[in-house]
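According to the working numbering, the sequence shown is numbered sequentially starting from 17.
Yeah, the Cβ is synthetic: ideal placement off N, Cα and C, and Gly gets one too.
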Amino acid sequence: SSGLPFVGADVGGFFGDPSTELLTRWYQVGAYQPFFRAHAHHDSKRREPWIAGEPHTSRFRDAVMARYRNLPLWYTLFEESSRTG
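Structure, rendered in structure tokens:
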């Protein structure tokens, strides 16, 4: 097999300030990538899920909870990939 098993992006991008709608969509997509973090340059606006307010906070929470449900599978696949390549 080949590829990069532990790949992802900084949710919201590293530079700039995405709209609340774009940040919401980024959380929803990023939650299904192995590497997931809301991380940005110190001059960018904060990206914590609770800052956006409702209904976005609930959407962020739903995405993160879906991610948590998948973590056992992903950990198993990461371990297998570390052994088999």
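Cβ pair residue i, residue j closer than 8 Å
{"i": "proline 50", "j": "glycine 24", "result": "yes"}
{"i": "alanine 68", "j": "alanine 47", "result": "no"}
{"i": "leucine 39", "j": "arginine 63", "result": "yes"}
{"i": "arginine 83", "j": "phenylalanine 52", "result": "yes"}
{"i": "threonine 36", "j": "histidine 58", "result": "no"}
{"i": "proline 21", "j": "leucine 93", "result": "yes"}
{"i": "alanine 54", "j": "glycine 29", "result": "no"}
For residue i, the three-state DSSP class (helix, strand or coil)
{"i": "phenylalanine 51", "result": "strand"}
{"i": "glycine 46", "result": "helix"}
{"i": "aspartate 33", "result": "coil"}
{"i": "serine 98", "result": "helix"}
{"i": "serine 60", "result": "coil"}
{"i": "leucine 93", "result": "helix"}
{"i": "alanine 82", "result": "helix"}
{"i": "leucine 39", "result": "helix"}
Supposed close pair residue i, residue j - CB separation, criterion 8 Å
{"i": "phenylalanine 31", "j": "serine 74", "result": "Going by Cβ atoms, the distance from phenylalanine 31 to serine 74 rounds to 27 Å, so no, they are not a contact pair."}
Residues sharing a beta bridge with residue i, DSSP
{"i": "aspartate 26", "result": "Arg53"}
beta-carbon residue i near the ligand MG non-hydrogen atom, thresh 7 Å
{"i": "methionine 81", "result": "Among the ligands in the structure shown, none appear at all, so the ligand MG cannot be discussed."}
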